[in-house]
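Engineer: I am attaching a structure below and will ask some questions about it afterwards.
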Amino acid sequence: MNTTAPHHERRLEKLSATAMIPMLCALAIDTSAQTIPNNVTFRNFFGTMQFNRPVQIVPYPGEDSAYVVVQQSGRLVTVRHQGGNWVKTDSASFSVFNGTSGGNEQGLLGFAFHPQFSANGKYYVYYITGSGNGVSLIAQRTAGVTRRPLTADAQSTVIRLAQPFENHNGGTIGFGPDGKFYVAFGDGGSANDPGNRAQNLDTLLGKVLRLDVDTADAYPADTTRNYGIPADNPFVGQANRRGEIYAYGLRNPYRWSFHPLTGHMWIGDVGQNTWEEISRVHQGGLNLGWRIREASYCFNPSTGCTSDGLTAPARTIQRSHGQSVTGGTFFTGDPTAAYHNVYIFGDYATDHVWAMRPSGAVLTDSVRIGQVLNVTSFDRDHQGRVFAVSLSNSASVANNNGVVFILESPDMRPSSVSVRHRDAAAKSPRLADLLRTPHAYQWRALDGSVIGTPATHKGPAWIKPKGGAKAHLVMIP
Amino acid sequence: MFSFRRALRLTAPSFALATFLVAALCGARTAAAADAPVAFADAFGLTFDRPVVLAEIPGRPGEFLVAEQSGKIQRVAREGAGWRKSEFVSFKVLGGKRWEDERGLLGLAFHPRFAENRLYYVNYVSPLENTVVEERRAHEDGSRDSESHARRILEVEQPYGNHNGGTIGFGPDGHLYIGMGDGGSGGDPHNHAQDPESLLGKMLRVNVDQRDSGAAYAVPRDNPFVRKPGYRPEIWAVGLRNPWKWTFHPVTGSLWVGDVGQGEREEISIVPRGGNMGWRILEADRCFEGPGCVRKGMVPPVVSLPRSEARSVTGGEFYLGNRTSKHYGAYIFGDYKTGHVWSLRRRAGRWERTVIGNVPSVSAFARDARGDVYALGLKDGVVRKLGL
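Protein sequences appear in the order of chains A and B.
The first sequence begins at 2 in my numbering and counts up one residue at a time.
The second sequence begins at 165 in my numbering and counts up one residue at a time.
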């Protein structure tokens, strides 16, 4: 797989450096002027189906009606639409440490398919194992011919890291648009970051890591670290600084995602006592401030703290509104919809769900669009639909009644230009409307991966389909 | 409808008691003792955060749960010479934390076979401002919730913050009764209580041991409106404003409801199967919508309290403690606003009430397995045992 790495690199370069800036100017439908309508309904996507502490939903690559639901209590569940019904099948289970009661932060926390899962069957899980305060284990596994994660699948360690305290383990794992594998660890836990780990570039705690899981192992003698370190990581080759680190100064980056069009990483970082924080990571090497600052405010020292070299939050949420932020996802379906390019996130403790629009490095136009009890994740499927996962759909957490909601709104239509690659010339009036003015566009495979390079369409004609595979046409803001 | 006979059969162990009670109710006592002052003693020496329900845990005599409106259920058990409270379960609820907020955690009931299945039920206003009735399971050791089972029985949208009912409870027929307020505001602006298609302003009756297809419960076939077009089949009775506290008579099985009034009268009623309790046509026994209202088919109240005595009635409990007490078998109820506590007895064919004390902001009454009655003060957080 390491031969593909340069290709990914090139792609990111093109996306971010060459293509994106003119494309922002090329946007014909300026959604930024629209206020965000407060008209979202939350529908139980799988009917009456319930899960045991769900914390994430991930669509199967190449399938439009099949999902993996990640259950914190230790099992992956496959839900597939069959014969007019949703059918739930148990998939792989893991010997997790805790994660089975109340607001515990351990157990099975994250899941990701390899971008080439359809071909190589690889998938990744993050769970807490061991005993004591727990050990973070991120494992690579290979699904068999059924291409469904099963308990018996071969497993190897990507990274194994002992946690000094039970809380603040992060959670999300996943591949960036650059094909690199990203992990965000919390500061190790307890409170106030007692070991000042988030600011210490010689530990992996309190950091976003950027790893290459498709290349040679950088630590062949170390069984707890089995990955390559991308040469363009910000601290590579620096003394007392770990090459894996991509960003630092994080407290508990439980949920994060990549903007599907800009490729920026958006992180929900859980705060200490006063402020919750959403951060944007648009490049490597950023210091997001913890424990010097809790969101925008001095924490340690409590007054007169520095702001030198710190990246300010994209949004802060005060205690009365949020107490444990759950980072969200961007809706990028129909580019004419008012929700296009809107970030949807929430709070596990207060159950609020908000929609906000990015404006450069900050989030603006805040609207509270609803509530989801004990919300653990916001995820997106191949059609761009947004889901909210409720760990337990009760005002007091219990283990058998988690629910996956789909967010629905007339202003959150799945991509109207989600035309199949080979059907691009289909007579879609919306597509025709869109194409009367210059537009940037990009083909994406059903698993979200980019096909070819972004291009700009200049006139009132149909975009010519390329290739034969199923794909979506995505307009770029 | 569950008949008196059936109720008696279901409560067979209390047959001997019934004889006593009937005697008491019929005024068969030989001598009328002079009225002694009633003591209201602090039962546990503990304070609670806005207590709204006290219930003895079935099969665990001397152990209680106290539901706090702000969201927690506390377990209370003996420790040495005193009592100790410990958190049983905690809910994130909307409201119910200050002043006269009527939301929050409001109801608690044990399954009739709790000792075997450990199931209990709560009624709360969820963060989404819906009334939620939820089935949960206690931990095997009985000291707390198991966190292993939560099943949503009912979810009803609440259009306004007030009038959310509160009590849920199992009848002698084994079905779960749910008291629903009219949705709130004032004067029932949407006429929910008389609307047969709304669950608001009703007493509901469901079977939680079975499930109709696609539902979390079964509608009992003998519910009064199951075959009546335009009616929600869950409805047991209509025309309620805010049935905050109610109870089943321990012998007759009849349903005694305190229905909070609007601006003139507070009401205690016996709610029969399929009954129309009158709101918003009537406020207790007075025409509400205008003079000359139609009273035909309306169930008259047992007690209609004037404003001078009561402004937010708290339905009560039947006292079955000391058999020689003149209050044995009496209905002990109160008023949240005036704090009055009454003993209601049947004498010479009439209902007679006497004030026996005062509990500021009295939110609920309860009876333990020995028949003693307790009164809960919402604002001082104290549970009082009545020395009747």
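Where a beta carbon is used, it is the ideal one built from N, C-alpha and C, also for glycine.
Only a predicted model underlies this, so the values are computations on that prediction, with no experimental measurement involved.
By alpha-carbon positions, which one of A:V78, A:R381, A:M357, A:S397 ends up nearest to A:D65?
Structural biologist: If we check each option's Cα against that of A:D65, A:R381 comes out closest.
Engineer: Determine the burial state of B:K543: buried for a count of at least 16 other Cβ atoms within 10 Å of its Cβ, exposed for fewer.
Structural biologist: Exposed is the call here.
Engineer: Compare the Cα-Cα distances from B:A379 to each of B:S472, B:W408, B:R316 and report the closest residue.
Structural biologist: Taking only the C-alpha atoms, the option nearest B:A379 is B:R316.
Engineer: The region 354-378 of chain A: which residues have C-beta closer than 7 angstroms to a C-beta of chain B, in chain order?
Structural biologist: Against chain B - using a Cβ distance shorter than 7 angstroms - the residues of the region 354-378 of chain A are Q372, L374.
Engineer: For the alpha helix (DSSP H) containing B:E280, name the first residue and the last one.
Structural biologist: That run of the alpha helix (DSSP H) goes 278-281.
Engineer: Using beta carbons (cut-off 8 angstroms, strictly below), is A:D348 in contact with chain B?
Structural biologist: A:D348 does not count as touching chain B.
Engineer: Checking contacts by CB at 8 angstroms: is B:F412 closer than that to chain A?
Structural biologist: Not an interface residue.
Engineer: Take the Cβ of A:S96 as the centre, count every other Cβ of all protein chains shown within 10 Å, and call the residue buried at 16 or more, exposed below.
Structural biologist: Looking at its Cβ environment, which holds fewer than 16 other Cβ atoms inside 10 Å, A:S96 is exposed.
Engineer: I'd like to know whether the C-beta atoms of B:R248 and B:Q233 end up nearer to each other than 8 angstroms.
Structural biologist: No. Outside cutoff.
Engineer: Along the chain, where does the alpha helix (DSSP H) that runs through A:F118 open and close?
Structural biologist: Where A:F118 is concerned, the enclosing alpha helix (DSSP H) stretches over 118-121.
Engineer: Taking contact to mean 3 or more Cβ pairs, one atom from each stretch, closer than 8 angstroms, check whether the region 80-97 of chain A and the region 44-52 of chain A are in contact.
Structural biologist: Segments in contact, yes.
Engineer: So, at 6 angstroms on beta carbons, what are the nonlocal neighbours of A:R281 in its own chain, with the 5 sequence-adjacent residues on each side left out?
Structural biologist: Cβ within range, chain order: H265, W267, A315, A362.
Engineer: Looking at C-beta atoms only, is the number of pairs between the region 394-412 of chain A and the region 302-315 of chain B that lie closer than 8 angstroms three or more?
Structural biologist: The region 394-412 of chain A is in contact with the region 302-315 of chain B.
Engineer: Listed from N- to C-terminal order along the chain, which residues in the region 299-317 of chain B have their beta-carbon within a distance smaller than 9 angstroms of any beta-carbon of chain A?
Structural biologist: Residues passing the 9 angstroms Cβ filter: R300, R301, D309, S310, E311, S312, H313, A314, R315, R316.
Engineer: Which first and last residues belong to the beta strand (DSSP E) in which A:M266 is found?
Structural biologist: Unbroken beta strand (DSSP E) run through A:M266: 266-270.
Engineer: Answer yes if the region 323-337 of chain A comes into contact with the region 248-267 of chain A, meaning at least three C-beta pairs across the two stretches below 8 angstroms, and no otherwise.
Structural biologist: Taking 8 angstroms as the limit for Cβ pairs, the verdict is that the region 323-337 of chain A does touch the region 248-267 of chain A.
Engineer: Mind checking whether A:V1 and A:V387 have CB atoms under 8 angstroms apart?
Structural biologist: Given a span of 2 to 478 for chain A in the structure shown, any question on residue 1 of chain A remains unanswerable.
Engineer: Ignoring anything shorter than 3 residues, give me the beta strand (DSSP E) runs that lie fully in the region 106-183 of chain A, in order along the chain.
Structural biologist: Counting whole runs of 3 or more residues, the region 106-183 of chain A contains the beta strand (DSSP E) stretches 109-114, 123-130, 136-143, 155-163, 174-176.
Engineer: What's the call for B:W506, buried or exposed, on a 16-neighbour Cβ count within 10 Å?
Structural biologist: Classification for B:W506: buried.
Engineer: Quick one: which unbroken beta strand (DSSP E) runs of 3-plus residues sit fully inside the region 212-266 of chain B? Chain order, please.
Structural biologist: Those beta strand (DSSP E) runs which fall completely within the region 212-266 of chain B and span 3+ residues are 215-220, 228-232, 236-243, 246-254.
Engineer: Compare the C-alpha of B:K409 against each of B:L210, B:I445, B:S527, B:D373 and name the closest.
Structural biologist: With distances taken between Cα atoms, B:K409 lies closest to B:S527.
Engineer: Return the residues of the region 252-264 of chain B that lie within a Cβ-Cβ distance of less than 7 angstroms from chain A, sorted by chain order.
Structural biologist: Those residues of the region 252-264 of chain B that come within reach of chain A (Cβ to Cβ, closer than 7 angstroms) are V253, S254, F255, K256, V257.
Engineer: So within the region 333-365 of chain A, which uninterrupted beta strand (DSSP E) runs reach at least 3 residues, ignoring any that extend past its ends?
Structural biologist: You should have 343-348, 353-360.
Engineer: With a CB to CB cut of under 6 angstroms and the five nearest residues on each side skipped, what residues in its chain are close to A:D312?
Structural biologist: Per the sequence presented here, residue 312 of chain A reads as Thr, with Asp not at that position. Excluding positions up to five away in sequence, the list reads L287, L289.
Engineer: Could you tell me whether the Cβ of B:L292 comes closer than 8 angstroms to any Cβ of chain A?
Structural biologist: Closer than 8 angstroms: yes.
Engineer: Taking the alpha carbon of A:F166 as the reference point, which residue from A:G196, A:T307, A:H322, A:V237 has its own alpha carbon closest?
Structural biologist: The residue with the shortest Cα to Cα distance from A:F166 is A:G196.
Engineer: Is B:W443 near B:D346, with beta carbons less than 8 angstroms apart?
Structural biologist: Yes, these two residues count as a Cβ contact at 8 angstroms.
Engineer: Can you round the beta-carbon distance between B:V240 and B:F204 to whole angstroms, since I take them to be within the 8 angstroms contact cut?
Structural biologist: Not quite, the Cβ-Cβ distance comes to about 18 angstroms (not below 8 angstroms), so this is no contact.
Engineer: Residues of chain B with CB under 7 angstroms from A:S325, in chain order?
Structural biologist: Ordered by position in chain B, no residue passes the 7 angstroms Cβ test against A:S325, which lies about 12 angstroms from the chain.
Engineer: Where does B:H313 sit, in a helix, a strand or coil, going by DSSP?
Structural biologist: It is a strand residue.
Engineer: For the region 382-403 of chain A, enumerate the residues whose C-beta is nearer than 9 angstroms to any C-beta of chain B, in chain order.
Structural biologist: Here the close residues are S393, N394, S395, A396, S397, V398, A399, N400, N401, N402.
Engineer: Is B:A357 helix, strand or coil by DSSP?
Structural biologist: Residue state, collapsed to three classes: helix.
Engineer: Mapping the DSSP letters down to three states, classify A:R281 as helix, strand or coil.
Structural biologist: Correct three-state label for A:R281: strand.
Engineer: Determine the closest residue to A:A350 out of A:Q319, A:F46, A:R242, with distance taken between C-alpha atoms.
Structural biologist: Selected option, being the one with the closest Cα: A:Q319.
Engineer: Given a threshold of 16 other Cβ atoms within 10 Å of its Cβ, counted over all protein chains shown, does B:S525 qualify as buried or as exposed?
Structural biologist: B:S525 is buried by the Cβ-count criterion.
Engineer: Return the Cβ separation of B:L540 and B:V216 in integer angstroms, given the expectation that the two are a contact with Cβ distance under 8 angstroms.
Structural biologist: The pair is a contact, with the Cβ atoms about 7 angstroms apart (cut-off 8 angstroms).
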